[in-house]
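Read the structure below first, then the notes.
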Amino acid sequence: MKKVSLILIITLLMTAVFYSFPSSFAADEQYPGFKVKGRFLYDKNGEKTILYGVNKMIIWMDVDGVPSYEEIAKTGANSVRIVWGISGTPEKLDKAIYNCRLNHMIPIIECHDATGEWSKLQTVVDYWVRPDILEVLKKHQEYLIVNIANECGQTVSDADYRAGYKLAVSRMRTAGIHVPLMIDAPSYGQGIDSLQANGPYLIENDPDQNLLFSVHMWWPLSWGYSDQKVKDEIKQSVDMNLPLVVGEFGHQWDETAQGAIPYKTILEQCHLNEVGYLPWEWGPGNNPQTFLDMTTDSTFATLQGWGKEVCITNPHSIKNIAVRPKFMQEDVPPPPTPTPYPAGNMALNKTIESSTNQDSEFTAKNAVDGNGDTRWASVSGKYDTEYIKVDLGSVSDINRVVIYWEDAYATQYKILTSADGSSWTTAYQQYNGKGGLDEIKLDKTYSARYVKVECSQKVNSEWGYSIWEVLVYGQSVGTPTPTPTPTPNGKTISGYVRPDFDSTTTSSPVKAGFKVEFGSLSAVTDQNGAFTLNDVPLTIVAEPLKVSKDGYLTRVINGINAGDKIGSINSPLEIWAGDIAVNGVQDGSINMSDVIALAKGFNAVSTDSKYIASCDLNKDNSINMSDVIILAKHFNMTTSNYPAFTGVTR
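Numbered by mature numbering (1 follows the signal peptide of the UniProt record, and there is no 0), the letters in the sequence shown go through residues -26 to -1, 1 to 624 in order.
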């Protein structure tokens, strides 16, 4: 039959409520976020959480995690181990963590600068406890895990390992970092014996007793590893109640038969023993081991080979076993507020050229666009000397240059100036660059129209050079080239959206927050349900417009053109309530999974730990029979059941 009666829905709901008892412990008010008890991790509400996600080289590839996080989330992953480094600014760190949370996944931030180098452990801790970095970590402490240092150390004695990490943990706790701290094994992360020998000691000496331990199972056959070794080591860790995570592993160490890693056994044994796993790595960017790239371009659609198996098809894959904590599926905190660059930057949006570009994405204009998330990169490893040259438009007095370097920075470089673009003067020379932020006060004021940053020594010979932004300060003394007034390059698409239920709650709380997408453009409805998409190219004709929101059945209107109006304030586009995201994923249908999701929070109010915002359909701060009735109205409906919408005007 097409519909199920309200009585049956209520009966099923009550049954689901009765039998819905999550595995949890009582939330501990002392801790702001996740907490380790025994060998398991629990969220702020006491829900047991097993980390099943992936590694992603965020700081080297897409520093804000866009679009990678959204693509990773399609696997159902509940966590991402975020590769980071001490060159990362507080603002970029804030975005990297926030955007992971925005996609309902637990951010595990790790620092890669001490890989294989035990002497650098405390240097990494210096970064974490730096006041500006500390502020970011505390901001996200409700859902954050900090992996102190990636694979720190090669051969490290038990005594040194204990002393080093006891000090590191103590320093971070004293600084006010109370999130779970993840500690990698020595021997480039592979030394699980060290974790088993030293883990209990470190837990005992952690004031918060809130530690996780990570082994990197780069365990190929050629080094004597086997399926049985994986089983034995995981069993031993479980038997001793060690809070273990397999923080990295691949399917092979090299492309020989003996380079194979027993990854299928890792998946199976982790699942059977409730041990988290995080395969390496989402991709692209693994060089020269490109076979480890799980995707070819960081999109879900290009999952390939072992990556597709680990994420989707294996019985113990991420898709089949990962569960996102309920609170991670609720409304996310507001986005970070970008810190603007200091006013007066004469290089902003000026003409710029470069010696080479890595590709069409990393061109020179990115270094003067005022956007800290875009960058210029030269070709990798080819030339020692590369440059970018800014044309300020007129001769100006210059006394200060600011450079925001990406990880591929120059250890040696010059700043040159020229009035005519032919005759150059060296205004500054650096022989020991450290990357990060370089604020350079020149030795005098230079009169110049052109400013060149000439790089001559790479921090890594296999890389090129890369700069987020170049800023030039001083005073203009010539007649600047006028900036043309932008010509509008498109029209708007506007309209109104509202939920399809009648009650006093159809006011602002339920009308706001619908995401409206048209091609690459998107907008969110305001408290009146209104939205506007600006600068829609005139060339776009008869394309689909999608409206979505957690708790609602996605609706698509086909045949929309630039300039169209979608409904009106009195006759808005109506969306059916009831498609609740389960583990962060909506299935395009209002069905029993939605009833069960609602049942888990039934009778909860907004101050309760089991309250799920997306299940409070009428936004009366309570999950009650009103929400059941709303869900029942369109039970068994799918996206394809929406009627044709006739409220489009042109």
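For glycine and all other residues, C-beta sits at the position ideal for the given N, C-alpha and C. Because the structure is a prediction, the values reported are computed rather than measured.
Residue i: first and last residue of the uninterrupted alpha helix (DSSP H) it sits in
| i | result |
| --- | --- |
| Asp201 | 201 to 213 |
| Asp132 | 132 to 149 |
| Thr239 | 237 to 246 |
| Asn96 | Here the sequence assigns Gln to residue 96, which means Asn is not the residue at that position. 95 to 102 is the span of the alpha helix (DSSP H), which, as asked, contains Gln96. |
| Leu111 | 105 to 113 |
| Lys282 | 279 to 282 |
Residue i (DSSP reduced to helix, strand or coil)
| i | result |
| --- | --- |
| His190 | strand |
| Lys465 | strand |
| Trp34 | helix |
| Met611 | coil |
| Tyr175 | helix |
| Ser567 | helix |
| Asn340 | helix |
| Ala401 | strand |
| Leu266 | helix |
| Trp227 | coil |
| Thr49 | coil |
| Ile292 | helix |
| Met156 | strand |
| Asp590 | coil |
| Ala573 | helix |
| Leu605 | helix |
| Ile286 | helix |
| Ile166 | helix |
| Thr276 | helix |
| Phe301 | helix |
| Ser42 | helix |
| Phe(-6) | Its pLDDT being 38, under 50, Phe(-6) is placed unreliably by the model, and nothing is read from it. |
| Gln386 | strand |
| Thr455 | The predicted model places Thr455 with a pLDDT of 45, which falls under 50 and marks its position as unreliable; any figure quoted below should be read in that light. Coil. |
| Met(-26) | Because the pLDDT of Met(-26) is 38, which lies under 50, any placement of that residue in the model is unreliable, and the number read from its coordinates should be weighed accordingly. Three-state result, Met(-26): coil. |
| Trp197 | helix |
Rounded straight-line distance, which links the Cα of residue j to that of residue i
| i | j | result |
| --- | --- | --- |
| Asn124 | Thr89 | 5 Å |
| Lys22 | Thr276 | 32 Å |
| His245 | Lys593 | 37 Å |
| Arg118 | Ser396 | A small fix is needed here, since residue 118 is Leu in this sequence, not Arg. Near 52 Å, if we compare the C-alpha coordinates of Ser396 and Leu118. |
| Lys18 | Val579 | 17 Å |
| Thr63 | Lys584 | 36 Å |
| Val143 | Asp180 | 7 Å |
| Val110 | Asp68 | 6 Å |
| Gly537 | Asn544 | 19 Å |
| Glu491 | Val521 | 6 Å |
| Tyr526 | Asn434 | 50 Å |
| Lys339 | Asp201 | 51 Å |
| Arg136 | Leu185 | 13 Å |
| Gln210 | Leu218 | 11 Å |
| Gly452 | Trp398 | For Gly452, the predicted model reports a pLDDT of 45, less than 50, meaning its position is unreliable; a value from the coordinates is still stated below. Straight-line Cα distance between these residues: approximately 19 Å. |
| Lys465 | Ser563 | 33 Å |
| His190 | Gln226 | 13 Å |
| Ile603 | Ile540 | 28 Å |
| Pro511 | Cys74 | 30 Å |
| Ser(-3) | Gly20 | Confidence is the limiting factor: at Ser(-3) the pLDDT is only 49, short of 50, which leaves the residue's position unreliable, though a coordinate-based value still follows. Roughly 5 Å separates the two Cα atoms. |
| Cys85 | Thr230 | 31 Å |
| Ser440 | Phe475 | 53 Å |
| Glu517 | Val99 | 51 Å |
| Phe576 | Asn598 | 6 Å |
| Tyr616 | Ala573 | 26 Å |
| Lys72 | Gln115 | The amino acid at residue 72 is misidentified as Lys; the sequence shows Tyr. Their backbone Cα atoms lie some 11 Å apart in a straight line. |
Cβ separation of residue i and residue j, assumed to be a contact under 8 Å, to the nearest whole Å
| i | j | result |
| --- | --- | --- |
| Thr330 | Tyr357 | 7 Å |
| Phe505 | Val471 | 7 Å |
| Gly173 | Phe187 | 5 Å |
| Leu416 | Asn319 | About 15 Å separates the two Cβ atoms, so there is no contact after all. |
| Asp412 | Val376 | 7 Å |
| Asp38 | Asp347 | 5 Å |
| Ile82 | Ile56 | 6 Å |
| Phe336 | Ala351 | 4 Å |
N- and C-terminal bounds of the beta strand (DSSP E) containing residue i
| i | result |
| --- | --- |
| Asn121 | 119 to 121 |
| Ser64 | For the sequence presented, residue 64 should be read as Pro rather than Ser. No beta strand (DSSP E) contains Pro64, which is instead part of the alpha helix (DSSP H) from 64 to 76. |
| Trp379 | 360 to 379 |
| Leu411 | 411 to 432 |
| Glu327 | 325 to 328 |
| Ile83 | 80 to 85 |
| Lys11 | 9 to 11 |
| Phe619 | Unbroken run through Phe619: none, as it is neither H nor E. |
Which runs of the alpha helix (DSSP H) fall wholly inside the segment 468 to 534 and span at least 4 residues, in chain order? List check, alpha helix (DSSP H) in window: 482 to 485.
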